[in-house]
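A quick write-up on the structure given underneath.
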Amino acid sequence: MMKLDGAISPANTLFVLLCFEGPDVYSTAGGLGTRVSELSEALATQGYTTHLIYIGDPYKPAVEHRVEGRLILKRWSQWVSKYYPNGVYDGEEQKLYDYNESVPYHIYHEIVQPAVAEGKTVVILGEDWHTAEVMCRTSDLLNWFGVRQKTLLLWNLNSLMSLNRINWERLNFVTTLCTVSKYMKHKMWELGVNPLVIPNGIPTRHLNPVDADAVQRLRSIARQGNPNRLFLFKIGRFDPDKRWIMAIEAAARLKDAGHPVTLFVRGGIEPHGADVFGHAYRRGLKIQDVVAQRPNLEQCLDAIENAGPADIYNLRFFLPEEFVRTTYAAADATLANSGHEPFGLVALEVMAAEGIAVTGSTGEDYAVSFENAIVTETDDPDEIVGYLLYLRRHPEEQKRMRIASQYTARQFLWDRVIENMVGKLEFLARKQNIVLPSSSIDVVADAPVRADIAQEVGVTMKATSTK
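Each residue of the sequence shown is one higher than the one before, counting from -5 in my numbering.
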């Protein structure tokens, strides 16, 4: 045990996360729901009492305790959501009004007041534009009751959506602004603010080994009897920012150059999907739709194998995580080549599975081209073509990159991200003259790094004591 003076710890600090999205199916519309679900669970697992207040499923309990009671899910505005059954953003304005009006009082009476009485500090973190107003109102209310100085208020930007609805001068005054990458930091400079950067993270389970037999079977299916056939994967919303047309055109040019391709795609319901498949059809790529009813990994493989030969397999079903990670590992590359990416979580998940990620060059701070990923600098499809053919000619480079990519992913586990965040919180606490009581903590060693990974990426391994 080590005694730390003035250090943030579960004994003296608790967290409140504010977000429209959350862990319920009703509440998840994209990466934001995944982010707050995983972050809140990781905080609770580390011992922090964590409240997550979100627009929850109207037919689930209003309050639910998880992680031995340390994670408290609070499903807000359920009485409004009953009138809007089509998910978190159905009835958005009505839910937002109720959230802004009621959440600040709950935070003060039910969370901050008891915590202050126990000598604890409360960290309140709001996510994206929906929580900008409630953060301002919460700060005002806490200031009115004389406890604002006992709390740390942070507001995090994940998306450039609806920034015109934010009172930036007010929000910047009452909170510490944060974002998830240097790219987003620079975007926010244009708004006259200068946020701290705290990256996104991935859960530890993403480092679990992928089933080698499933990887080999999937590669065999994708090769379609031709061992030289390239196997590519692309997953994401059908949004022009994701550069779907660039990916389709790259596949077509590879085929035209005598390099046949199998491309698995999983998009959404967005209208841009029609443009994507229209372009593929005009370029002479054969498209095969694949459907299944909530399949497991084996059923996914069976469905694709039975679909018949094609250049593009349009996976029109829910993809279980096990299948997605298997595909990341099996594919020659996953095309995460976005033109605008606040952080690039898909590419990081690819790297965790020892896959090859082809990224853009915006928010993917972790990606170093030909070290742990392929980074595209332009919207020219030939850039993808050239890089993929380079990897085909240099299989030893591909093997090295796969090992290095997983090592990179280890640096972005949620536990590591929380260490980053706590470091910034201690700086903010000092700046705000918050005196944190001493606490005793267990000192945990870094997660072990596989010897072959360390050798490949040049990490010096610490000697293990035999005393």
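Backbone N, C-alpha and C fix where the C-beta goes; we use that ideal spot for every residue, glycine too. Everything numeric in this text was worked out from a predicted model, so none of it was measured.
So, is residue 167 buried or exposed, given that buried needs 16 or more other C-beta atoms within 10 angstroms? Here residue 167 refers to the residue found at position 173 of the sequence shown. Exposed, since its Cβ has fewer than 16 Cβ neighbours within 10 Å.
Smallest Cα separation from residue 482: which of 17, 254 and 311? Summary: the structure shown does not reach residue 482, with the chain confined to residues -5 through 461, and so no result is reported for it.
DSSP three-state call for residue 311: helix, strand or coil? Translated into positions along the sequence shown, residue 311 becomes position 317. Note: residue 311 maps to coil in three-state DSSP.
Is residue 435 helix, strand or coil by DSSP? Here residue 435 is taken as the residue at index 441 of the sequence shown, counted from 1. Confidence is the limiting factor: at residue 435 the pLDDT is only 49, short of 50, which leaves the residue's position unreliable, though a coordinate-based value still follows. Residue 435 falls in the strand class under three-state DSSP.
Can you give, in chain order, each stretch of the beta strand (DSSP E) that sits fully within the segment 158 to 202 and has at least 3 residues? 170 to 173
Is the distance from the Cβ of residue 56 to the Cβ of residue 72 below 8 Å? Your numbering for residue 56 matches position 62 in the sequence shown. Your numbering for residue 72 matches position 78 in the sequence shown. In contact: residue 56 and residue 72 (Cβ atoms closer than 8 Å).
Among all the DSSP beta bridges, which residues are the ones paired with residue 150? Position 156 of the sequence shown holds residue 150. DSSP lists 121 and 172 as partners of residue 150.
Inter-residue Cα distance where the pair is residue 259 and residue 69: Within the sequence shown, numbered from 1, the residue matching residue 259 stands at position 265. Within the sequence shown, numbered from 1, the residue matching residue 69 stands at position 75. Taking the straight line joining both Cα atoms gives about 34 Å.
Taking residue 120 as the reference, give the member of 160, 383 and 400 with the closest Cα. Start at 1 with the first residue of the sequence shown, and residue 120 comes out as number 126. With distances taken between Cα atoms, residue 120 lies closest to 160.
C-beta atoms of residue 298 and residue 284 nearer than 8 Å: Walking along the sequence shown from the start, residue 298 turns up at place 304. Walking along the sequence shown from the start, residue 284 turns up at place 290. Closer than 8 Å, so yes.
Are residue 114 and residue 8 closer than 8 Å when you measure CB to CB? Start at 1 with the first residue of the sequence shown, and residue 114 comes out as number 120. Start at 1 with the first residue of the sequence shown, and residue 8 comes out as number 14. Yes. Within cutoff.
Quick check on this structure: which residue in 350, 142 and 245 has the alpha carbon closest to the alpha carbon of residue 257? Counting from one through the sequence shown, the residue named residue 257 turns up at place 263. If we check each option's Cα against that of residue 257, 245 comes out closest.
May I ask whether a heavy atom of the ligand FAD can be found less than 7 Å away from the beta carbon of residue 170? Absence of the ligand FAD is noted for the structure shown, with no ligands found whatsoever.
Is the segment 305 to 315 touching the segment 277 to 296, taking contact as three or more C-beta pairs under 8 Å? yes
Compare the beta carbon distance of residue 462 and residue 34 with 8 Å and say whether it is the shorter of the two. Look at the range of the chain in this structure, -5 to 461, and you will see that residue 462 is not part of it.
If you run the structure through DSSP and keep just helix, strand and coil, what is residue 20? Translated into the one-based positions of the sequence shown, residue 20 becomes position 26. In this structure, residue 20 counts as coil in the three-state DSSP scheme.
Leaving out five residues on either side along the sequence, give the residues of the same chain with a beta carbon under 7 Å from the beta carbon of residue 124. Within the sequence shown, residue 124 is the residue found at index 130, counting from 1. Hits under 7 Å: 14 and 90.
Which class does residue 467 belong to by DSSP, given the choice of helix, strand or coil? With the chain represented from -5 up to 461, any question about residue 467 goes unanswered, as that position is not in the structure.
Residue 267 to residue 239 span [Cα, whole Å]: Indexing the sequence shown from 1 puts residue 267 at position 273. Indexing the sequence shown from 1 puts residue 239 at position 245. Whole-angstrom Cα-Cα distance: 10 Å.
Can you give the beta carbon distance from residue 182 to residue 146, rounded, assuming they're within the 8 Å contact cut? Here residue 182 is taken as the residue at index 188 of the sequence shown, counted from 1. Here residue 146 is taken as the residue at index 152 of the sequence shown, counted from 1. Going by Cβ atoms, the distance from residue 182 to residue 146 rounds to 20 Å, so no, they are not a contact pair.
In whole angstroms, give me the CA-to-CA distance for residue 155 and residue 220. The residue labelled residue 155 in the question sits at position 161 within the sequence shown. The residue labelled residue 220 in the question sits at position 226 within the sequence shown. Going by the C-alpha atoms only, they are around 44 Å apart.
Is the beta carbon of residue 367 less than 8 Å from the beta carbon of residue 345? In the sequence shown, the residue the question calls residue 367 occupies position 373. In the sequence shown, the residue the question calls residue 345 occupies position 351. The answer is yes: Cβ separation under 8 Å.
Buried/exposed call for residue 320, threshold 16 Cβ in 10 Å: Indexing the sequence shown from 1 puts residue 320 at position 326. Answer is buried; the Cβ neighbour count reaches 16.
Is it right to say residue 399 is buried, meaning 16 or more other beta carbons lie within 10 angstroms of its own, or is it exposed? The residue labelled residue 399 in the question sits at position 405 within the sequence shown. Per the 10 Å Cβ criterion, buried.
Specify the secondary structure class of residue 362 as computed by DSSP and reduced to three states. For the purposes of this step, residue 362 is taken as the residue at position 368 of the sequence shown. Residue 362: coil per DSSP, three-state reduction.
Note down, one range per segment and in chain order, each alpha helix (DSSP H) of at least 4 residues found wholly within the segment 290 to 338. 291 to 299 and 315 to 324
Can you tell me the Cα-Cα spacing of residue 54 and residue 149, whole angstroms? Along the sequence shown, read from residue 1 onward, the residue named residue 54 stands at position 60. Along the sequence shown, read from residue 1 onward, the residue named residue 149 stands at position 155. Residue 54 and residue 149: Cα-Cα distance of roughly 27 Å.
Under 8 Å by Cβ, that's how I've got residue 153 and residue 134 pegged, so tell me the actual separation to the nearest angstrom. Numbered from its first residue, the sequence shown carries residue 153 at position 159. Numbered from its first residue, the sequence shown carries residue 134 at position 140. The Cβ separation is near 25 Å, so there is no contact.
Determine whether the beta carbon atoms of residue 171 and residue 189 lie at a separation below 8 Å. Translated into positions along the sequence shown, residue 171 becomes position 177. Translated into positions along the sequence shown, residue 189 becomes position 195. It is a contact, given that the beta carbons lie within the stated cut-off.
Name the two residues that bound the continuous alpha helix (DSSP H) containing residue 407. On the sequence shown, residue 407 is found 413 positions in, with the first residue counted as 1. Note, residue 407: premise wrong, no alpha helix (DSSP H); not H, not E.
Quick check: the Cα distance between residue 127 and residue 138, rounded to an integer number of angstroms? What you label residue 127 is simply residue 133 of the sequence shown in a count that begins at 1. What you label residue 138 is simply residue 144 of the sequence shown in a count that begins at 1. Looking at the two C-alpha atoms, the distance is approximately 17 Å.
Quick one: what does DSSP say residue 286 is sitting in, helix, strand or coil? For the purposes of this step, residue 286 is identified with residue 292 of the sequence shown, where counting begins at 1. Residue 286: coil per DSSP, three-state reduction.
Can you tell me where the alpha helix (DSSP H) holding residue 26 begins and where it ends? By one-based count along the sequence shown, residue 26 stands at place 32. Note, residue 26: alpha helix (DSSP H), 25 to 39.
In the DSSP assignment, what are the bridge partners of residue 351? Reading the sequence shown from its first residue, position 357 is the one you call residue 351. Bridge partners of residue 351: 328.
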